[in-house]
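Chains as they are written, first to last, in this note's numbering: chain A, 41 to 154; chain B, 41 to 150.
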């Protein structure tokens, strides 16, 4: 079972360049999330989507955009990268319609902006 | 967003019990979770507790929930070196968003 797949695994990006982090899930979960993980700050929610066609802002949305054209894919775009966006990015999904839900995570994308 | 707080580090000796603590602010949280992250990996669910429960036990893991104080703890009995990892407390809000604490790095000394 693939679960959640993120690509790329790691990337070095020049400041000012744009980049899209990809996330695909095969569990048909309605809800998807993007988090960034920084030392001492834990995971902070960037954007989320409760269902295809809708998105919402999390705690730290500035500098990032997302789209949710279908259930399976939830790409995260950095339009013009800055060094403070150096982080590990995790995509997650959940199925809130089941009553009980948990978040399933991808393996992460390590992004370095130089 | 919601505020979930944890201490950053905990060091224990192999065989001892570990207790990792967490406080949260959203009194309407339905579920509270403990996730484990090993180096270079994503987060894996360890256990969870429904908000109307006080305690949940699962093999070596015991979760205690004090709703009045908004305090959650994870006890790991007979801690092993393989338990060394970062442990995250998380809560689910009414809008299906998960909020995580800063993570507690557990170091188990042989």
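A virtual CB, placed ideally from N, CA and C, is assigned to each residue, including glycine.
None of these values were measured; they are calculated from a predicted model.
- Against chain B, a Cβ distance below 8 Å from residue 47 (chain A) picks out nothing, because the smallest value is about 14 Å.
- In this structure, DSSP gives residue 134 (chain A) an extended state, which the three-state scheme calls strand.
- According to the DSSP secondary-structure assignment, residue 128 (chain A) is paired through a beta bridge with A:77 and A:150.
- At a cut-off of 9 Å between beta-carbon atoms, residue 147 (chain A) makes contact with chain B.
- The continuous beta strand (DSSP E) containing residue 64 (chain A) extends over residues 59-65.
- Its chain contains 63, 64, 65 and 67 as the residues whose beta carbon lies nearer than 7 Å to that of residue 110 (chain B), once the 5 sequence neighbours on both sides are disregarded; these appear in chain order.
- For residue 53 (chain B), the enclosing beta strand (DSSP E) covers residues 49-53.
- The Cβ of residue 108 (chain A) sits no closer than 9 Å to any Cβ of chain B.
- Boundaries of the beta strand (DSSP E) harbouring residue 90 (chain B): 83-90, taken from the DSSP string.
- Rounded to the nearest whole angstrom, the CA to CA distance from residue 106 (chain B) to residue 54 (chain A) is 47 Å.
- The Cβ atoms of residue 71 (chain A) and residue 91 (chain A) lie closer than 9 Å to each other.
- Contact between residue 153 (chain A) and residue 117 (chain A) is ruled out by a C-beta separation of about 14 Å, above the 8 Å threshold.
- B:74 is the residue among B:53, B:74 and B:135 whose C-alpha sits nearest the C-alpha of residue 85 (chain B).
- Our two residues, residue 79 (chain B) and residue 125 (chain B), have alpha carbons roughly 7 Å apart in a direct line.
- If you look at residue 44 (chain B), you'll find it in the beta strand (DSSP E) that goes 44-46.
- The closest CA to that of residue 104 (chain A), considering only A:76, A:113, A:143 and A:148, is found on A:76.
- The beta carbon of residue 43 (chain B) lies closer than 6 Å to those of 65 in the same chain, with the five residues before and after it left out.
- For residue 123 (chain B), the secondary structure class from DSSP, reduced to helix, strand or coil, is helix.
- For residue 141 (chain A), there is no enclosing beta strand (DSSP E), as DSSP gives it neither H nor E.
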